[in-house]
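Inspection log for the structure reproduced underneath, given as structure tokens.
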Amino acid sequence: MHLEQRTGPVPGLVYATVRQGMTTRTFPIEVRRTASGHYISRMPDNRWSIECLTVEAALLMHAAVLFPVEHELSPWLSNPKPSPRMVERLAKAAETHPDGAKNNTKKESQS
Numbered sequence: 003m004h005l006e007q008r009t010g011p012v013p014g015l016v017y018a019t020v021r022q023g024m025t026t027r028t029f030p031i032e033v034r035r036t037a038s039g040h041y042i043s044r045m046p047d048n049r050w051s052i053e054c055l056t057v058e059a060a061l062l063m064h065a066a067v068l069f070p071v072e073h074e075l076s077p078w079l080s081n082p083k084p085s086p087r088m089v090e091r092l093a094k095a096a097e098t099h100p101d102g103a104k105n106n107t108k109k110e111s112q113s
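In our numbering, the protein residues as written are 3 to 113.
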């Protein structure tokens with residue numbers, strides 16, 4: 003993902019054209035400069051991003067949230083073995099220790 007073009011004043015509303023692969027999108031992004039000289043952008047959920055050293059980094063941070071992510075480009079996002087559901091874990095625990103689970107709760111409630 004890279005920034006192809008940006009138009010607009012900083013601080014203020016910047017129109018950023020971002021390319022990822024063959025896809026190009028233009029986003030209106032509000033950018034401000036902090037007291038420490040860094041740049042922040044307003045994220046899609048109306049929170050401010052973390053401080054970035056450059057305007058381009060702040061714009062790309064906003065765009066990274068909006069662009070669809072391909073699992074081929076980001077293999078760490080795919081989960082080959084999803085975690086079991088809580089209900090399944092509780093049912094399995096009840097099967098393996100049917101009396102132990104009940105006795106533990108009784109002891110804790112009596113204390």
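Each residue gets a CB set at the ideal place from its N, CA and C atoms; glycine is no exception. Please read these numbers as outputs of a predicted model, since none were measured by experiment.
Review point. How would you write the range of the beta strand (DSSP E) that Val57 sits in, first residue to last?
Key: Taken as a continuous stretch (DSSP letters only), Val57 belongs to no beta strand (DSSP E), being part of the alpha helix (DSSP H) at Val57 to Leu68.
**Study point:** Pair within 7 angstroms by beta-carbon distance, Val20 and Arg8
**Key:** no
Point to revise | Straight-line Cα distance separating Ile42 from Ala65 | key: 13 angstroms
Check your understanding: Shortest alpha-carbon distance to Val33 belongs to which of Ala95, Met24 and Thr56?
Key -> Thr56
Review point. Which partner residues of Ile31 appear in the DSSP bridge assignment?
Key: Val16
Review point. So is Ser38 buried or exposed if we call it buried at 16+ other beta carbons inside 10 Å?
Key: exposed
Practice item. Inspect the beta-carbon positions of Glu58 and His40 and report whether they are closer than 7 angstroms. Key: no
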